[in-house]
Structure formats: C-alpha cells, structure tokens
Amino acid sequence: MSKITSQSKDFSQWYLDVVKIADLADYSKVKGCMVIKPYGYAIWENIQSELDRLIKEAGVKNVYFPLLIPESFLQREKDHVEGFAPECAVVTHGGGKKLTENLVIRPTSETIMYDTFADWIQSHRDLPLKINQWANIIRWEMRTRPFLRTTEFLWQEGHTAHKDKAGADEEAYRALKMYEDFDKEFLALPVLTGKKSDREKFAGALYTLSTEALARDGKAIQAGTSHNLGTTFSESFNIQYQDENGELKRVWQTSWGVSTRLIGTLIVVHGDEQGLRLPPKIAPVQVVIVPILKDDSKDKVLAACNQVVSDLTNVRSEVDARDTVSPGYKFAEWEVKGVPIRIEIGPRDLENGSCVVARRDTGEKTTCELSQLFTVVPKLLKEIQDNMFAQALAYREENTRSADTYDEFKKVLEEHGGFILSGWCGNEDCEIKIQEETKATIRVIKEEEVKCKCVLCGSDAKNRVYFAKAY
RNA sequence: CGGGGUGUAGCACAGUUGGCUAGUGCGCUCGGUUUGGGACCGAGAGGCCGGAGGUUCGAGUCCUCUCACCCCGACCA
258 MSKITSQSKD
268 FSQWYLDVVK
278 IADLADYSKV
288 KGCMVIKPYG
298 YAIWENIQSE
308 LDRLIKEAGV
318 KNVYFPLLIP
328 ESFLQREKDH
338 VEGFAPECAV
348 VTHGGGKKLT
358 ENLVIRPTSE
368 TIMYDTFADW
378 IQSHRDLPLK
388 INQWANIIRW
398 EMRTRPFLRT
408 TEFLWQEGHT
418 AHKDKAGADE
428 EAYRALKMYE
438 DFDKEFLALP
448 VLTGKKSDRE
458 KFAGALYTLS
468 TEALARDGKA
478 IQAGTSHNLG
488 TTFSESFNIQ
498 YQDENGELKR
508 VWQTSWGVST
518 RLIGTLIVVH
528 GDEQGLRLPP
538 KIAPVQVVIV
548 PILKDDSKDK
558 VLAACNQVVS
568 DLTNVRSEVD
578 ARDTVSPGYK
588 FAEWEVKGVP
598 IRIEIGPRDL
608 ENGSCVVARR
618 DTGEKTTCEL
628 SQLFTVVPKL
638 LKEIQDNMFA
648 QALAYREENT
658 RSADTYDEFK
668 KVLEEHGGFI
678 LSGWCGNEDC
688 EIKIQEETKA
698 TIRVIKEEEV
708 KCKCVLCGSD
718 AKNRVYFAKA
728 Y
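Residue numbers for the first sequence, in our numbering: 258 to 728.
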C-alpha cells in the first residue's frame with residue numbers, strides 16, 4: 258500500500274490518492290467512469306439503506322423505470338431538452354439495425370416516468386403520487402473525478418405529483434429537510450440549504466432547492482437537490498386529474514435526488530492528512546481490532562479479540578488477524594480507510610484485562626477494560642459521530658464570511674475561499690459578471706427579508722445569498 | 001474544444017552529449033529472524049521503453065506522424 262502524504266502536493270491530488278489508497282474506487286477503462294470497489298460500495302450500501310428507510314417513512318414507494326428513453330420524450334419539454342441534450346449518450350442501433358427512433362440513456366428519469374404518470378393519474382384520489390427510484394444514470398460530462406463527477410453514477414430520484422402548488426412546495430421542502438437531516442445525522446455533514454438562482458436551477462424546474470456542504474479546500478459542493486417542477490412537465494406530458502368538482506387540472510410535480518457524490522462529499526469534508534475519516538453511522542467497519550501477535554500468546558490474544566467482536570452486538574466490528582503484516586502497518590491502513598475506532602489487544606493488555614482504544618477523529622488513545630467495551634464503544638461511536646459534525650460545522654462557520662462591497666468580496670474569496678454571504682439584487686447580469694470575474698457562483702439564496710445592497714451593482718438587494726467557488 | 005504535462009515491470013520513478021546484457025524504490029514469490037505506529041536480512045520472478053515510420057554501424061534517448069491518459073478551463077449532481 259502506498260502512502261498519502263508525500264505525493265499529495267495539492268488538494269486535487271490528495272483527493273485522488275485517498276480514493277485510491279483507501280480502496281474505494283478505481284478509474285475504469287471506460288473514460289469518465291469508475292469501478293466502485295467493495296469498500297467504497299459498502300459505504301454506498303449503508304447510505305442507501307438509511308436513506309431508503311427515511312424515504313419510505315415519508316410514504317414514498319420504490320419503482321423501476323427503463324434505462325432507455327425515446328428521444329422524442331426528452332424533446333417534449335423545451336427547457337429540459339436544452340439543459341440535458343449536450344450531455345446525453347444516445348443509442349442509435351439495436352439488433353444490428355439502425356433504430357427508427359434513437360434512444361437516450363437516462364440522464365435523469367423525469368420524461369420516461371412522467372409519460373407513465375399520465376396513465377396512472379386520472380382522479381384527485383390518485384394524488385399525491387410519490388415514487389422513488391434507485392438507479393444509475395449517464396451524463397456525458399467533460400471533466401470527471403471519482404465520486405464527485407463521473408460519467409455514470411448511482412443515485413436515488415424521487416418523483417411526486419400533487420394537486421396544487423402548495424402540495425408541491427410542501428413536498429420539495431420536505432425532501433430538502435430530509436436530506437439536511439440525513440446529512441447531519443448519518444454523514445455528520447453540516448449543509449446550507451435554500452433556493453438556487455434561476456440560472457443555477459434544474460432544466461425545466463420552477464425552482465430548485467439545494468443542500469451545500471463546504472469542502473476542506475474552501476470550495477462548495479452541492480450534495481442534494483429538490484425541485485418544484487411546477488406544471489412544466491404535466492403540460493408537456495399531459496398529466497391531468499379531475500378534482501372534486503369534476504374540473505380537469507394539471508398536476509404539480511417535484512423531483513429530488515442524491516447520488517454517489519455523497520461519498521465524494523464525505524471525503525472532501527471529513528478527510529485529513531491520514532486519509533479518510535468515516536462517520537460511524539455509515540462506516541462499513543466501525544471498530545477494527547488489531548491483535549498484537551507473539552508466538553507464546555497468539556491463541557489467547559486472538560480468542561480475546563474474537564470475544565470482543567461477539568460482545569459488541571449491533572456494532573460492525575472485525576478482527577484484523579493477518580500475520581503477514583505488522584501491527585503498525587495495520588494501524589496505518591485502517592486509518593487511511595477511515596475506520597472510526599481501533600482497538601489494540603496484546604499480551605500486555607491481557608494481563609490487566611484491558612485494551613487500547615484509539616479514535617480516528619481525534620487520534621486520541623485511551624486504555625479501557627475489556628469487560629467495559631460493550632458500553633464504552635457504542636458511547637464512543639456516538640461521540641465520534643457528534644464530534645465529526647461539530648468539527649465540520651466549526652470549519653464551515655470559520656469559513657463563512659460576509660462581504661458588503663465587491664472589493665471586500667474579491668479579497669475574502671482570494672484570501673480564504675469558503676462561503677461569502679452578500680446582498681444580491683436578483684439580476685442575472687450581476688450574477689454572471691461575478692462568476693466571470695471571480696469564478697464564484699450563487700450556491701443558495703437565503704430566504705429571509707433583508708435590507709442591504711447588491712454586492713456588485715449597489716442597488717437594493719432582494720436577498721442575501723451565499724457565494725462560493727464550487728465543485 | 002483551448003492551455004499545460006506524462007507515457008519505461010502491478011505502482012511510483014531514474015535512465016547523461018545516442019553506446020555494451022534497461023535500472024532504482026515500493027509491491028509480489030521463497031527462506032529465515034521479527035511483530036505495542038507503515039520491520040529486517042538473503043535469494044528470486046516480473047519489460048514489444050504507448051504505437052507506426054524514419055535517421056544511424058547502433059535509438060528508451062534524435063526526427064515525423066499517431067494514440068492514450070492526467071492536470072487547468074468551458075459543461076455539470
């Protein structure tokens with residue numbers, strides 16, 4: 258196993274090293290795609306199972322729709338096709354013949370699902386309709402990076418239909434809140450939430466809500482999105498229902514999703530010089546037990562280790578019993594992989610009936626009685642989970658600054674990066690000019706009444722917004 | 001598609017003004033000693049030097065063409 262520190266001159270290289278050395282994923286021979294390895298996929302499975310539970314608790318049912326979408330479906334909605342056409346992979350042949358109509362590999366499933374929604378929805382009694390799909394999608398991005406942006410990625414996409422705007426608003430904000438809570442509770446990620454500017458919103462949406470995390474290099478990363486699609490798609494796909502008065506009406510829709518990018522987000526937010534740090538709730542291995550093996554005490558030590566595994570019920574623990582590498586090697590390896598707790602057990606410990614417990618989040622080592630582990634470990638896992646959130650939150654707060662003038666804005670951006678809270682007049686020209694000159698974009702709009710001036714043009718601001726350079 | 005860079009063993013890289021049998025470290029295999037923070041000694045295996053063409057007595061090295069990948073931008077979850 259190679260090491261991280263020496264090669265990692267900049268953040269980008271550090272990131273690639275962590276992905277590789279923590280054994281999460283490899284580049285695939287297919288350009289822009291990646292092979293997710295067992296350890297990386299185990300993280301995704303944990304994210305999936307926890308989030309899937311929350312989705313179902315909200316009354317959303319899982320479904321599966323086809324990978325291939327007739328090109329004409331996409332073309333039915335003008336903004337949507339304009340937004341996605343450039344990044345679509347298109348199938349032109351099948352069965353050895355040229356197809357009469359090209360099939361697009363889904364870049365997102367709105368169109369193919371909503372064509373069917375038109376059949377499923379007839380009456381107000383059919384509403385709200387709430388479904389979710391776990392799937393892979395393809396977007397032909399120009400530059401890719403494992404987990405953060407890949408040509409193919411795995412995600413979850415929720416799609417709902419409602420009687421009116423209020424129903425869709427409520428659902429869009431419910432999904433946003435669900436993501437915010439999930440990010441906090443399971444991924445220990447503090448996120449900013451709010452509306453995107455029209456320029457940054459989803460192609461075809463009325464508005465887009467987003468959760469935004471802050472990476473250690475001071476760049477923002479969009480972790481999840483939730484869109485109120487208005488009646489855009491119900492108009493192009495003719496999704497209508499009869500209300501209580503027999504009147505024919507268009508449904509209001511939402512869609513919302515998070516992807517394998519969450520894994521990339523974990524890396525860029527929680528990672529450190531030693532590699533990955535995983536929040537206990539989604540770590541594939543929560544506790545690794547490293548035996549110190551000497552010939553005369555080997556069996557006793559291993560037996561004690563196995564006993565710890567069986568004592569730790571409801572904890573994902575395992576013994577690293579390899580005798581081909583030294584304990585020091587194992588320590589380093591599991592640190593790169595981000596395992597929250599390491600327990601060391603050797604002959605010296607056995608004499609005292611104790612062991613060494615090391616935390617990945619702080620590096621702190623303590624001694625603990627073996628008989629107490631079953632209470633100490635769960636408590637410590639919770640503490641690590643909370644501490645990681647607190648650390649990330651403190652980092653974000655330290656790196657969120659406000660700027661009232663454009664000079665100040667540019668200075669903060671250059672010196673610190675991070676989020677910058679500034680007034681914005683709501684004019685797209687100002688937004689574009691700021692982006693062109695500084696690379697910073699509006700991440701989310703703070704939805705509250707304010708009295709301040711636009712950071713660029715100086716006219717009355719509609720809102721304060723968080724700017725940042727982004728992934 | 002623009003700008004920069006790299007292609008030599010599984011990985012990371014050396015390789016001088018062209019010169020003998022292409023090297024080093026990590027990893028791998030075998031043997032032994034080790035094991036509380038990435039162990040050590042010894043012996044091995046592993047190469048179409050990205051590809052094609054050229055110059056030359058002789059090319060990893062020089063020339064031409066090509067291909068691939070990486071980084072920075074435009075695009076984006």
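Positions of the beta carbon are idealized from the N, C-alpha and C atoms, including for glycine.
By the neighbour-count criterion, in which 16 or more other beta carbons inside 10 Å mark a residue as buried, valine 582 falls on the exposed side.
Counting only unbroken stretches of 3 or more residues, the beta strand (DSSP E) elements lying wholly within the region 604-651 are 611-616 and 622-626, in sequence order.
Between the region 334-353 and the region 466-474 there are fewer than three C-beta pairs closer than 8 Å, too few to call the two in contact. Residue burial annotation: valine 287 is exposed, with fewer than 16 other C-beta atoms found within 10 angstroms of its C-beta. When secondary structure is reduced to three states using DSSP, arginine 431 falls in the helix class.
Around the beta-carbon of lysine 726, 16 or more other beta-carbon atoms lie within 10 Å, marking it buried. Collapsing the DSSP output to three states places threonine 695 in a helix.
Restricting attention to beta strand (DSSP E) runs no shorter than 3 residues, the region 568-609 encloses them at 574-576 and 598-602, ordered along the chain. The bridge partners DSSP lists for proline 327 are Leu360. In the DSSP assignment, proline 295 falls outside any beta strand (DSSP E) and within the unbroken alpha helix (DSSP H) covering 295-314. When the Cα atoms are used, arginine 400 and alanine 697 turn out to be separated by approximately 19 Å. In the DSSP assignment, leucine 505 falls within the beta strand (DSSP E) that extends over 505-507. In the displayed model, aspartate 717 falls within a strand according to three-state DSSP.
Your pair lysine 452 and leucine 466 checks out as a contact, with CB atoms roughly 6 Å apart and the cut at 8 Å. For valine 317, same chain residues with a beta-carbon under 7 Å away, outside a window of 5 residues either side, are Lys387, Ile388, Asn389 and Gly415 in chain order.
Per DSSP, reduced to three states, the secondary structure at isoleucine 496 is coil, with no helix or strand assignment.
Closest in alpha carbon position to cysteine 612, among Trp591, Gly620, Thr657 and Ala561, is Ala561.
Closest in alpha carbon position to isoleucine 641, among Ile378, Val544 and Pro385, is Val544. When the beta-carbon positions are compared, tryptophan 509 and threonine 488 come within less than 8 Å of each other.
By the Cβ neighbour-count rule, lysine 458 is buried, with 16 or more other Cβ atoms within 10 Å of its own. With distances taken between CA atoms, isoleucine 278 lies nearest to Gly595 out of Gly595, Ala346, Ile677 and Asp577.
CA-to-CA, the gap between alanine 392 and leucine 411 works out to about 6 Å. Annotation for glutamate 344: no beta strand (DSSP E) segment contains it, and DSSP assigns it neither H nor E.
Residue pairing by DSSP places valine 338 opposite no residue, since no beta bridge is assigned to it.
Residue state for glutamine 510 is assigned as strand, using DSSP reduced to three classes.
By the neighbour-count definition (other C-beta atoms within 10 Å, threshold 16), tyrosine 498 is a buried residue. Looking at the DSSP output, asparagine 389 sits in a beta bridge with Asn319 and Gly415.
Its Cα nearest to that of leucine 535, the residue Asp643 stands out among Glu608, Asn563, Asp643 and Glu437.
Under DSSP, the beta-bridge partners assigned to methionine 291 are Tyr284. If you ignore the 5 residues before and after glycine 424, its C-beta comes within less than 7 Å of the C-beta of Pro385 and Trp509, all in its own chain and listed in chain order.
If you draw a straight line from the Cα of glutamate 705 to the Cα of proline 537, it is about 35 Å long. Across the structure, leucine 281 and leucine 405 are spaced so that their CA atoms are roughly 13 Å apart.
Here glutamine 479 is buried, its C-beta having at least 16 other C-beta atoms within 10 Å. In this structure, Ile524 is the residue among Val292, Val448, Ile300 and Ile524 with its C-alpha nearest to the C-alpha of glutamine 270. Judged by DSSP in its simplified three-state form, arginine 333 adopts coil rather than helix or strand. A residue is called buried when at least 16 other Cβ atoms come within 10 angstroms of its Cβ; tryptophan 377 does not meet this threshold and is exposed.
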